[in-house]
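Going down the list, the sequences are from chains V and X. If you're matching positions, the first sequence starts at 2 in our numbering and goes up one per residue. If you're matching positions, the second sequence starts at 1328 in our numbering and goes up one per residue. For glycine and all other residues, C-beta sits at the position ideal for the given N, C-alpha and C. Keep in mind the model is a prediction, meaning the values are calculated, not measured. Encoded as structure tokens, the structure appears first; notes follow it.
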Amino acid sequence: DTEVTQTPKHLVMGMTNKKSLKCEQHMGHRAMYWYKQKAKKPPELMFVYSYEKLSINESVPSRFSPECPNSSLLNLHLHALQPEDSALYLCASSQAPGLAGGQENIQYFGAGTRLSVL
Amino acid sequence: AQRVTQPEKLLSVFKGAPVELKCNYSYSGSPELFWYVQYSRQRLQLLLRHISRESIKGFTADLNKGETSFHLKKPFAQEEDSAMYYCALSHYNTDKLIFGTGTRLQVFP
């Protein structure tokens, strides 16, 4: 299995809802990432997990709460979102955190969850 | 501040024409540079990176530290090359990837 799988593909939620995005990989990768991508814009890094520990938080509002239950799974819990949070949320993984130069730091992306906040 | 600049939002060429997608970066250390591609209705995927110095699908990119550039080139464009191309920079020895704003390449028959 060489894919990063994200569920759901689409999500519509109200501003008072609580929902979660899920990401899964079975490539043995130890770094996992959440990105936010607005229409016609590049992906923007939100969080990085290295060996199941949060290593980078790009000053993301607390209404986004990441969780890494194990080395294969990454969740993004959503609560009290705003309409401007509507975007494509991408998950990615790489083989080994913090290493440069080898195959270890190539990031593999999922297809994304398209989120609409009403 | 670290930054990746792709000056062209859209590049349109005819099939068989040469293509060059420009990428400039600003970074104080030793960066790793990548080109990622997103074909229509497909996920973002790595095309190539400077450290491997390889040609993928006929594309090449050379890191020019003097000009802080990492332009993507292909001598003869094909229709299937039509896609969104992102240049990206990784901080050395970190997991952070910074993307440029992207260039949409359209190859007409």
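So what does DSSP say about residue i, is it helix, strand or coil?
{"i": "Pro-67 (chain V)", "result": "strand"}
{"i": "Glu-1407 (chain X)", "result": "helix"}
{"i": "Asn-18 (chain V)", "result": "coil"}
{"i": "Lys-23 (chain V)", "result": "strand"}
{"i": "Lys-1400 (chain X)", "result": "strand"}
According to DSSP, residue i sits in a beta bridge with which residue or residues?
{"i": "Arg-1330 (chain X)", "result": "X:Ser-1353"}
{"i": "Asn-106 (chain V)", "result": "Bridge partners of Asn-106 (chain V): none, in fact."}
{"i": "Arg-1380 (chain X)", "result": "Per DSSP, none; premise fails for Arg-1380 (chain X)."}
{"i": "Tyr-34 (chain V)", "result": "V:Val-49 and V:Ala-93"}
{"i": "Thr-8 (chain V)", "result": "V:Lys-23"}
Which term fits residue i, buried or exposed, when burial requires 16 or more other beta carbons within 10 angstroms of its beta carbon?
{"i": "Lys-54 (chain V)", "result": "exposed"}
{"i": "Val-1434 (chain X)", "result": "buried"}
{"i": "His-30 (chain V)", "result": "buried"}
{"i": "Leu-119 (chain V)", "result": "exposed"}
{"i": "Leu-44 (chain V)", "result": "Before going on, a small fix: residue 44 (chain V) reads as Pro here, not Leu. That one is buried."}
{"i": "Thr-114 (chain V)", "result": "buried"}
{"i": "Ser-1443 (chain X)", "result": "Absent from the model: residue 1443 (chain X). The displayed extent of chain X is 1328 to 1436, so no value can be given."}
{"i": "Gln-1365 (chain X)", "result": "buried"}
{"i": "Gly-111 (chain V)", "result": "buried"}
Which residue from the options puts its Cα closest to that of residue i?
{"i": "Met-16 (chain V)", "options": "V:Tyr-50, V:Leu-74, V:Glu-59 and V:Ser-87", "result": "V:Ser-87"}
{"i": "Met-1411 (chain X)", "options": "X:Phe-1361, X:Arg-1431 and X:Leu-1424", "result": "X:Arg-1431"}
{"i": "Ser-73 (chain V)", "options": "V:Ser-95, V:Ser-66, V:Glu-59 and V:Ala-81", "result": "V:Ser-95"}
{"i": "Ser-1409 (chain X)", "options": "X:Lys-1342, X:Phe-1361, X:Pro-1402 and X:Ala-1328", "result": "X:Lys-1342"}
{"i": "Arg-1330 (chain X)", "options": "X:Glu-1347, X:Leu-1360 and X:Pro-1345", "result": "X:Leu-1360"}
{"i": "Met-33 (chain V)", "options": "V:Gln-108, V:Pro-84 and V:Ser-21", "result": "V:Gln-108"}
Completely contained beta strand (DSSP E) runs for the segment 39 to 98 of chain V, where each covers 3 or more residues | 45 to 51, 54 to 58, 65 to 71, 74 to 80 and 88 to 95
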